[in-house]
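Asker: Chains as they are written, first to last, in the numbering used here: chain A, 119 to 451; chain B, 119 to 451.
Note that the Cβ used here is the ideal one computed from N, Cα and C, for glycine as well.
Protein chains: 2
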Amino acid sequence: MSLDDKATKPHDRLAQALADDMAAMNDLIHERMKSEHAPRIPEITAHLVEAGGKRLRPMLTLASAHLCGYTGPYHIHLAATVEFIHTATLLHDDVVDESQQRRGRPTANLLWDNKSSVLVGDYLLARGFQLMTAPGSMRVINILADASAVIAEGEVLQLTAAQDLATGEDTYLQVIRGKTAALFSAATEVGAVLAGAPETQVRAMFDYGDALGIAFQMADDLLDYGGSSAAIGKNTGDDFRERKLTLPVIRAVAAADATERAFWSRVIEQGDQREGDLDHALELMHRHGALESTRKTALDWGAKARASLDIMPAGELRDMLADLADYVVARLK
Amino acid sequence: MSLDDKATKPHDRLAQALADDMAAMNDLIHERMKSEHAPRIPEITAHLVEAGGKRLRPMLTLASAHLCGYTGPYHIHLAATVEFIHTATLLHDDVVDESQQRRGRPTANLLWDNKSSVLVGDYLLARGFQLMTAPGSMRVINILADASAVIAEGEVLQLTAAQDLATGEDTYLQVIRGKTAALFSAATEVGAVLAGAPETQVRAMFDYGDALGIAFQMADDLLDYGGSSAAIGKNTGDDFRERKLTLPVIRAVAAADATERAFWSRVIEQGDQREGDLDHALELMHRHGALESTRKTALDWGAKARASLDIMPAGELRDMLADLADYVVARLK
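(1) For ALA399 of chain A, tell me which candidate among A:ALA197, A:VAL371, A:ALA137, A:ALA416 has the shortest Cα-Cα distance.
(2) Are the CB atoms of GLY355 of chain B and SER182 of chain B within a distance shorter than 8 Å?
(3) Is the beta carbon of LEU174 of chain A less than 8 Å from the beta carbon of HIS210 of chain A?
(4) Give the residues of chain B in contact with MET256 of chain A, contact being defined as C-beta atoms less than 7 Å apart.
(5) I need the DSSP call for ARG392 of chain B, collapsed to helix, strand or coil.
(6) Let me know the secondary structure DSSP gives ARG449 of chain A once reduced to three states.
(7) Name, going along the chain, the residues of the region 150-176 of chain A whose beta-carbon falls closer than 7 Å to a beta-carbon of chain B.
(8) Can you tell me where the alpha helix (DSSP H) holding GLU149 of chain B begins and where it ends?
(9) Going along chain A, which residues have a C-beta under 8 Å from HIS101 of chain B?
(10) Kindly indicate if chain B contains any beta-carbon less than 8 Å away from that of GLU360 of chain A.
(11) Just list the residues that DSSP pairs PRO160 of chain B with in beta bridges.
(12) Work out the CA separation of VAL213 of chain B and ALA380 of chain A for me, nearest whole Å.
(13) I'd like to know whether the C-beta of ALA300 of chain A is nearer than 8 Å to at least one C-beta of chain B.
(14) Contact check, PHE313 of chain B vs LEU178 of chain B under 8 Å by CB: the rounded distance?
(15) Which runs of the alpha helix (DSSP H) fall wholly inside the region 335-379 of chain B and span at least 4 residues, in chain order?
(16) Taking 8 Å as the threshold (beta carbon to beta carbon), is ASN353 of chain A in contact with chain B?
(17) If GLN335 of chain B sits next to THR278 of chain B, beta carbons under 8 Å apart, how far is it from one beta carbon to the other, in whole angstroms?
(18) Terminal residues of the continuous alpha helix (DSSP H) containing HIS195 of chain B?
(19) Can you list, in chain order, the residues of the region 254-286 of chain B whose Cβ is nearer than 7 Å to any Cβ on chain A?
(20) Looking at chain B, is there any beta carbon in it that lies within less than 8 Å of the beta carbon of LEU243 of chain A?
(21) Secondary structure at GLN219 of chain A, three-state DSSP: helix, strand or coil?
(22) Determine the direct distance from the alpha carbon of ALA440 of chain B to that of GLU149 of chain B, and round the result to whole angstroms.
(23) I want to know whether the region 225-233 of chain B touches the region 156-173 of chain B - three or more CB-CB distances under 8 Å.
(24) Under 8 Å, Cβ to Cβ, is there at least one residue of chain A near PHE247 of chain B?
(25) Terminal residues of the continuous alpha helix (DSSP H) containing GLY272 of chain A?
(26) Going by the CB atoms, is the gap between ARG245 of chain A and PHE202 of chain A shorter than 8 Å?
(27) Does DSSP classify PRO253 of chain A as helix, strand or coil?
(28) Please list the partners that GLN391 of chain A has in chain D, where partner means a Cβ-to-Cβ separation under 9 Å.
(29) Three-state secondary structure (DSSP) at PRO316 of chain B?
(30) Distance check for GLY327 of chain B and ARG396 of chain A, CA to CA, integer angstroms please.
(31) Please determine, among A:VAL238, A:LEU340, A:TYR188, A:PHE324, the residue with the shortest C-alpha to C-alpha distance to THR205 of chain A.
(32) To which residues of the same chain is ILE259 of chain A closer than 6 Å at the C-beta, ignoring the five residues directly before and after it?
(33) If we define contact as Cβ-Cβ less than 8 Å, is GLN292 of chain B a contact residue for chain A?
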């Protein structure tokens, strides 16, 4: 990939525009991930933090604060909070999913152990909570504490909804709103609240983050069946093997005849997966247009995210955020 | 045990004196442990919450607030926060320790699975953070967020210090201060801060909780080698099997000759444990007075806790807290 290519990606353009803030946030993260007493904490955190994540969520907080005219110093703290909460959930997710790879590297639970991932995740979550008190805003604290509860609730819901063919689109939306969109919407909302933006703008930034997060997760779920491994950093078919009820499966199941239903019941509910089953699942999804319709729904959410920004002050920052909404679903082309 | 016996225990007397508050807190906990979307959350939480824990930590918050003259409603919220943080750490601890029993019942990780324990723990932690915003006090939030970070740090430190014979008493004190005393001291400190008590009283209540927590954990660690299974609700020798460097072991190792050192190295560092090893370990501890000296140190911390209360307003509540400090180590007689 050439530098020119890179610069056309909205999140790279955002990172360039917010370069000073991003550097300050990275410094703060490095400072706060230290532990005087337990050196394993920074070891594990560094493994994740320095693996080259996109820092998409904290960038949203920084961008939202600027877009709403904030000129103080505390958006850095809130962005770091958002990244700490995100990193904590990654550590715990990898334990829950028994993952082996994250961001193209072996996961912490594989390199160290599940115990360390659980406890270091707890530590980072608490570090995030410490940082969010910096602006002294009770509302900001409420938003981020609420988001943390909704994230965990979404993850538990996913756990119980997995392997259950009766899972519908409403439940799926609840799951991804919880496990993914809640942190996106909290990230954008706190930026606006911190800036003291009018309630209509706070609501618009929340809606943007919510729709962006939903579009982002839907795209991820679709790429797990259709994208290349390189593009998403994890192996195609992971969700199938983990018997997760994501939108492509839910829609294929909804359109299934008796024979197809028996297939889904065997591979998802009973977990009896054999060679060729993933290919057959893909064939069924294509037959019923489940992948195409999922892509369409994800694009709709991307468009909704973009439209939420209409009432925000026009300018380069708003354009970049709008382009980001297109970009997260453009991966699906 | 007769009712009269029961009423002589300081935590039962405290529970009686604070009965209305405790009932209000239990109601709040039950209300907040619900999840509209993920029924597994209240299932697991109820399993733990209703297993008859002593509610010692939240009781400390309630007592501290009253002792400092608080008359408002928010000590209930903070007590519930403390209990949620505690319950979250129990869920995660059982995953980390691969425990099978907790409070005399099978653990959640055994009844459900590790995944649920990790995620429901995260949920309860976030629920606790939501509740702590109720009084609108940034200082209270800081204290509880700090405590959460210190708890996780202590747990990680214990993980890395385990199986390492070089672990000294300083590290041991750091571990138990983190994993146990930090929540005790935060529980008592926030009660005083909420009440707007003078700084000397805030400090005294912090010192009381800190020393009480240390005495409590030291007693637990000693009982793991000497107490009956019934008295502490877990099996004797758990720490030995988990190769944890608790004070009795640290002191026995410090006094060990070459042969004894080889024994400790085999069972703790190499984890090669055979039949009779626990008995031999106990014999070595007795030989060097490690159990007796641990008991003495625990009693010293209990006395320190009691003495911290000297500057607090005299009365029944202070007496009960002082008696509690004696009681947590009186288990050792």
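Answerer: Per the coordinate set shown:
(1) By one-based count along the first sequence, residue 399 of chain A stands at place 281. It is A:VAL371 whose Cα lies nearest to the Cα of ALA399 of chain A.
(2) Position 64 of the second sequence, counted from the start, is the residue given in the question as residue 182 of chain B. Position 237 of the second sequence, counted from the start, is the residue given in the question as residue 355 of chain B. Cβ atoms of SER182 of chain B and GLY355 of chain B: not closer than 8 Å.
(3) Residue numbering aside, residue 174 of chain A sits at position 56 when the first sequence is read from its first letter. Residue numbering aside, residue 210 of chain A sits at position 92 when the first sequence is read from its first letter. Not in contact: LEU174 of chain A and HIS210 of chain A (Cβ atoms no closer than 8 Å).
(4) Start at 1 with the first residue of the first sequence, and residue 256 of chain A comes out as number 138. Counting only Cβ-Cβ distances below 7 Å, MET256 of chain A has contacts in chain B at THR251, GLY254, in chain order.
(5) Within the second sequence, the letter at position 274 stands for residue 392 of chain B. In this structure, DSSP gives ARG392 of chain B a state outside helix and strand, which the three-state scheme calls coil.
(6) Position 331 of the first sequence holds residue 449 of chain A. ARG449 of chain A falls in the coil class under three-state DSSP.
(7) Those would be SER153, HIS155, ALA156, ARG158, ILE159, in chain order.
(8) Sequence index remark: in the second sequence, residue 149 of chain B carries index 31 (1-based). For GLU149 of chain B, the enclosing alpha helix (DSSP H) begins and ends at 137-150.
(9) This structure cannot settle anything about residue 101 of chain B, because the visible part of chain B is limited to 119 through 451.
(10) Position 242 of the first sequence, counted from the start, is the residue given in the question as residue 360 of chain A. Residue-level contact by beta carbon fails for GLU360 of chain A and chain B, as no gap is shorter than 8 Å.
(11) Position 42 of the second sequence, counting from 1, holds the residue named residue 160 of chain B. None; PRO160 of chain B has no bridge partner.
(12) As a first step, residue 380 of chain A is located in the first sequence; it is residue number 262 there, counting from the start. As a first step, residue 213 of chain B is located in the second sequence; it is residue number 95 there, counting from the start. Straight-line Cα distance between these residues: approximately 36 Å.
(13) Indexing the first sequence from 1 puts residue 300 of chain A at position 182. No, because no Cβ of chain B sits closer than 8 Å to the Cβ of ALA300 of chain A.
(14) Within the second sequence, numbered from 1, the residue matching residue 313 of chain B stands at position 195. Within the second sequence, numbered from 1, the residue matching residue 178 of chain B stands at position 60. Residue identity differs from the one stated: residue 313 of chain B is Ala in this sequence, not Phe. That pair is no contact at about 13 Å.
(15) Within the region 335-379 of chain B, the complete alpha helix (DSSP H) runs of at least 4 residues are 347-350, 356-359, 365-372.
(16) For the purposes of this step, residue 353 of chain A is taken as the residue at position 235 of the first sequence. Low confidence applies here, because ASN353 of chain A scores a pLDDT of 49, under 50, leaving its location unreliable and the question unanswered by this model.
(17) To locate residue 335 of chain B, count along the second sequence from 1; it is residue 217. To locate residue 278 of chain B, count along the second sequence from 1; it is residue 160. Approximately 18 Å separates the beta-carbon atoms of GLN335 of chain B and THR278 of chain B; this is outside 8 Å, ruling out the contact.
(18) For the purposes of this step, residue 195 of chain B is taken as residue 77 along the second sequence, with counting starting at 1. Here the alpha helix (DSSP H) through HIS195 of chain B covers 193-215.
(19) Answer set for the region 254-286 of chain B: GLY254, MET256, ILE259, ASN260, ALA263, ASP264, SER266, ALA267, ALA270, GLU271, GLU273, VAL274, LEU275, LEU277, THR278.
(20) The count along the first sequence starts at 1 and reaches residue 243 of chain A at position 125. For LEU243 of chain A, the answer is yes, since a Cβ of chain B falls inside 8 Å of its Cβ.
(21) For the purposes of this step, residue 219 of chain A is taken as the residue at position 101 of the first sequence. Note: GLN219 of chain A maps to strand in three-state DSSP.
(22) Position 31 of the second sequence holds residue 149 of chain B. Position 322 of the second sequence holds residue 440 of chain B. Roughly 32 Å separates the two Cα atoms.
(23) Yes, since at least three Cβ pairs between the region 225-233 of chain B and the region 156-173 of chain B fall closer than 8 Å, the two stretches touch.
(24) Stepping through the second sequence from its first residue, residue 247 of chain B is reached at position 129. Closer than 8 Å: yes.
(25) The sequence position of residue 272 of chain A within the first sequence is 154, counting from 1. Element bounds for GLY272 of chain A: 256-279.
(26) Indexing the first sequence from 1 puts residue 202 of chain A at position 84. Indexing the first sequence from 1 puts residue 245 of chain A at position 127. For PHE202 of chain A and ARG245 of chain A, yes; Cβs fall inside 8 Å.
(27) On the first sequence, residue 253 of chain A is found 135 positions in, with the first residue counted as 1. Here PRO253 of chain A sits in coil by DSSP.
(28) Absence of chain D from the displayed structure is noted, the protein chains being A and B.
(29) Numbered from its first residue, the second sequence carries residue 316 of chain B at position 198. Reduced to three states, the DSSP call for PRO316 of chain B is coil.
(30) Against the first sequence, residue 396 of chain A aligns to sequence position 278. Against the second sequence, residue 327 of chain B aligns to sequence position 209. Contrary to the premise, residue 396 of chain A reads as Leu rather than Arg in this sequence. About 57 Å.
(31) Mapped onto the first sequence, residue 205 of chain A falls at position 87. Checking every option, the nearest Cα to that of THR205 of chain A belongs to A:VAL238.
(32) Here residue 259 of chain A refers to the residue found at position 141 when the first sequence is read from its first residue. Closer than 6 Å at Cβ, skipping near neighbours: MET250.
(33) Residue mapping note: residue 292 of chain B aligns to position 174 of the second sequence, counting from 1. Chain A, which has a Cβ nearer than 8 Å to the Cβ of GLN292 of chain B, makes this yes.
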